[in-house]
Structures are given as C-alpha cells and as structure tokens.
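Comments concern the structure below.
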Amino acid sequence: MEVLAELMRLDVALAVAIGAIGGVVIGAIPGVGPAVAIAILLPATFQFEPLVGITLLLGIYGASMFGGAVPAILINTPGTPVNALTTYDGYAMTRRGEARQALSIAYSASFCGGVFSVACLLALSPYLAKVAPYFGSRDIFMAALLGVVMVILAHRGQTVAAAMLVSFGMFLNTVGLEGVRFSHRFTFGQSWLNSGFDLITVILGLFAISQAFKLLVDRERPPPLPAMGRGGGAGLRALARHPRLAGVSSAFGVVMGIIPGVGEFLAQFFSYTFAQKTSRNPERIGRGSPEGLIASEAANNAVPAAAMIPLLALGIPGEALTAMMLSVFHVHGVIPGPKLFETQPHFLQSLFVVLLVINVLVLGFLRISTRWLVQVVRTPPRHLGIAVLTLSLVGVYSLRASLVDCAVAAAFGMLGFILRRLELPLVPIVLGMVLGRIMDEKFRASLARVETPLDFIDRPVSGTIFAIIVVSLLAHGIAVVREHRLHKARAAGTALP
49 MEVLAELMRL DVALAVAIGA IGGVVIGAIP GVGPAVAIAI LLPATFQFEP LVGITLLLGI
109 YGASMFGGAV PAILINTPGT PVNALTTYDG YAMTRRGEAR QALSIAYSAS FCGGVFSVAC
169 LLALSPYLAK VAPYFGSRDI FMAALLGVVM VILAHRGQTV AAAMLVSFGM FLNTVGLEGV
229 RFSHRFTFGQ SWLNSGFDLI TVILGLFAIS QAFKLLVDRE RPPPLPAMGR GGGAGLRALA
289 RHPRLAGVSS AFGVVMGIIP GVGEFLAQFF SYTFAQKTSR NPERIGRGSP EGLIASEAAN
349 NAVPAAAMIP LLALGIPGEA LTAMMLSVFH VHGVIPGPKL FETQPHFLQS LFVVLLVINV
409 LVLGFLRIST RWLVQVVRTP PRHLGIAVLT LSLVGVYSLR ASLVDCAVAA AFGMLGFILR
469 RLELPLVPIV LGMVLGRIMD EKFRASLARV ETPLDFIDRP VSGTIFAIIV VSLLAHGIAV
529 VREHRLHKAR AAGTALP
C-alpha cells in the first residue's frame, strides 16, 4: 500500500505517463532512439527526486522498444537498433497486407517479455538482498572486469575495435584530479582538464550530437506508409499458439540482461535461433512468420528490467542506457550496490512496480494510438537533427554553465559521427568510462588486503567470476579458430577447378 501511495503522487504519475508515452513516440521515430532521448533528458532529471528521475528514464528505455517495432514493420527501418530483427518478419507481413496483424503480434510479444522480466526481478530481489552483502571490493572489481570482457566479446567480428574503444573509455576516466592522493593525471597543465571528462558531456556528444550530425547530412525522404489492413487481435492468438517460444525468448532476454555488456542483441540471436530450431515451418522464419516476430520482440523487451539487476545489486551497468541512469542515482546520493537492498527496500519496490505499470500503460496506449503514431514515422530527418542538436547543447550548458563543456561535447559528437560512419560501436566507450571508474575505486580499496595478485581471486565470489572470465575467453578463442579454419577451407574449396 505504501508503494501504491507513492505511485499515486502527481510527480511520479506524470513521470510514468511522460516516460512511457514519450518512449513509444521516440522509438517510433527512426534515427533518434532511447540513447539520444535519455542523454538529452539526463541534465533535467538531476533536479527531480530519484524515483521521479529514474521512472522517467526507465519509461523511455522500456517503451522505446515497443515503439521501435512500428517503423521496422511498416517501412523496413528499425526505430531503434534492437528492432533490426523485427524487420525480417514484420516487413514481410506488411508486404502481404498484414501490417496490423504484425503490429499486434509485436505489441503482445513485447508486453509478454516485459512483464516476464519484471516478474523475474521481483522474484530474484529477496535473494539479491541476501547475496549482495557477500560482495567485497575485490569481488566487485572482478565483476566489473567481467563486464569489460563481455562488452568486448559481445561485439563479434569487431572485438579488436571494441577492446580499443573500451580502453579509450577507461583512459578518459583517469584524466583529471584523482581523489585519493589528489594528483593530476594526464592534464598536461591545462586547467580545464582538472575536473576530467564529465560522463554526461561525453554521452551527449557521442550519442545525441553525433546522431544530430548524421540526421543533418541525411538526404533520405520519409517513405510512404503502407495500408494497415485488419487483424488487431492477432497478437494474443499468436501467443496462445506459441506459448513455449514466448516464454523461452523472454527467458533469454532476462539471462542476457543480467550479464553485463551483453544485452538485447545476443538475447535476440539466441531466441531467433531457438525459434528456427523448434519451428514446424523453419523456412518461413525471416519471411513473414509470427514466430520470428515473437522471438525478437519478446527477447529485446525482457532485457530492460533484467538489466537493472546488476545495476542495483552491484552498481555495475550492463549497457549504455543503465550507465546513464547510474549517474542519476549518484547525484541524489542513492548508491547502487550491496547495501541498497538493506537500506532502501521501499525505493526498490517502487521501481519494480513502476516497471510493471509502464508495460501495461504502453500496451494500452499502442492499442488506441497506432493509427496516429504511424504518422510520426514520416518526420523529416533534418528537422529532427536541428531539434536534437539544439536540445543537446542546451543540456550540456545547463550542467555547469560552461562553454568548454559544449566544445568538449561537440568534439565527442564529431568522434561519434566518425565512428558511426566507420560502423564502429559507441557503447564500449561509455561502458569503459563507467566500469573503469568502478575498477579504479575498488582496486585501490582492496590493495590494503592484497599482497599478491592471487589474493584478488582467493575469495569464493571473485574466484568464480575469474573462472567465468577464463572460460569466456577460451570459448571465444575456440570459436575464432573454428571460424578461421572454416573460412580457410571454403577458400581452398573455391580455388579448386
């Protein structure tokens, strides 16, 4: 009852509604996405209470994936990167005149994945409260190191680039006046570097300003919208026919969300592969099958709530969006980690219920607003670019009223624009900054109890995490060797007469 009373406050209710509805709209606009929206809103949320600010960001995070399915299905353009797989089956159904059926299936599968992950979060929270106190400085250091390794390995085919970008992010975290001995690191006598690189400034530059640059140079015109057709109730019927697929896909999303640095893409890969292996008509998946839609949408919408588990229990973000939310916690003195479940259980319960309400609200909003929401898809890219650039620079300046921060954000915006053109990931830089700070702090804190490097892994938790790191690296190495041999064999086969 206390949680419900908290949610009935006007500011919390408005945050839920604005975050959920705004997230759907933002997700439905190709080229914007939740990362840009959250980066722009971050400076404003620092003025709110922790529950209000986090609720607003969570609404945008979770709801944007619902909205991202709309352009993916209607015009073959994913609203957010994680809706890429939705285009395979969703757009194929649209070309057959089944756009409304595809949207209904996507909405229902997304709702199933979201509610399932919230239920898992509620079920796991009592155990997290018991296990979290066993994590000491060395254990959290190893968990952050695991996150770094997973971030690198998750970018399959770009592991070297991801490793370099993570290292660059960790280096950015070391610049400035460090807080233990108050020595200057990598400032080179420049006073504006004494405070280091602010995480929010870097995020706004890499994600928002770089995306604004991309939108401004984009000459594409919005495509025409197809006919919607009928079949608004197809989603529930599809879930009823494939309950096991919906459940397994949601479970993949939960598991991949818990592991730092993995996220939606690997969850979708596993769920889509499972759908192909277990389908009675595997040849239809990728060509307009409801099973493919269920697999992709249930998996990616199960990740947001699950990604809160390592953030709340250990203070370790799983990906860029939760890394942004971590700054809101710290600004208000709410430090995620082992003690949070003991000191502020009421706050956590409110967050869990908010996640459930957001899923219900988003599903209801989509059911009644799809006919108007599809018009958002046709927003001119350059208009969006001007709006995003203006809001980004205003947000950066509002942090510390500093033109230097605006220049730094613009520089990182240009870096992000170059990386986008080279098709290199931006997320490793942000996670490198966040995880690097955690590793730096915990490494220094654990040195008083460490005599040899082996002392870092002599505890049960840290030893287990180290074993996971070793196994992950070995498995990745074996996979790379196999791919190299297979590629070599194919090359030799094509060379034969």
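Letter 57 of the sequence shown, counting from 1, is numbered 105 in our numbering, and no numbers are missing. Here a beta-carbon is modelled for each residue, glycine too, at the ideal position from N, C-alpha and C.
Identity of the residue in the options nearest residue i by Cα
i	options	result
F189	E499, P508, M487, V518	M487
A76	V179, G116, L359, E339	G116
F94	G381, I69, P119	G381
H378	E390, L359, L399, F164	L359
L472	Q206, V197, A68, L374	Q206
V482	L220, D503, R292	L220
A323	N349, G305, P291, V529	P291
S417	M141, Y155, V436	Y155
I86	A343, G295, A256	A256
G217	R204, L502, V199	V199
R45	L90, A61, A346, A147	With the chain running from 49 to 545 in the structure shown, residue 45 is simply not present.
L252	V80, M113, K325, A171	V80
S158	R468, N329, A299	A299
C168	I88, L254, G301	G301
L62	R332, L105, H394	L105
A211	I477, E499, I434	I477
S344	V179, G184, F317, E499	F317
V196	N131, I513, L463	I513
Nearest-angstrom beta carbon gap, residue j and residue i [assumed within contact, 8 Å]
i	j	result
V561	L241	The structure shown does not extend to residue 561, since the chain spans only 49 to 545, so no value can be given for it.
V376	I66	So it is not a contact: roughly 16 Å between Cβ atoms.
F261	F465	4 Å
G283	I153	5 Å
M141	T128	The Cβ separation is near 19 Å, so there is no contact.
V60	L90	Not a contact, Cβ separation roughly 19 Å.
Residue i and residue j closer than 8 Å at C-beta
i	j	result
D137	S337	yes
L55	V402	yes
P384	G412	no
P352	G110	yes
A354	L479	no
G70	I108	yes
N348	V166	no
V163	L399	no
S510	L201	no
R485	D187	no
I342	A288	no
L409	A68	yes
A457	T249	yes
V84	V436	yes
I121	A92	no
A192	K387	no
A209	A294	no
S258	R430	no
D246	D453	yes
L194	I517	yes
V64	L421	no
S297	S319	yes
Three-way DSSP call (helix, strand, coil) for residue i in this model
i	result
G237	coil
G224	strand
H203	coil
H232	strand
R530	helix
A286	helix
T249	helix
D453	helix
M373	helix
E146	coil
P545	Confidence at P545 is low in this model, with a pLDDT of 48, below 50, so the placement of that residue is unreliable and no value is reported for it.
R332	helix
E499	coil
D506	coil
M481	helix
L474	coil
V296	helix
I123	coil
**Sufficient close CB pairs (3 or more, under 8 Å) joining the region 167-176 to the region 492-501** = no
**Request:** Could you say if the region 337-351 and the region 435-454 meet the contact criterion of at least three C-beta pairs nearer than 8 Å?
**Result:** Verdict: no, contact absent.
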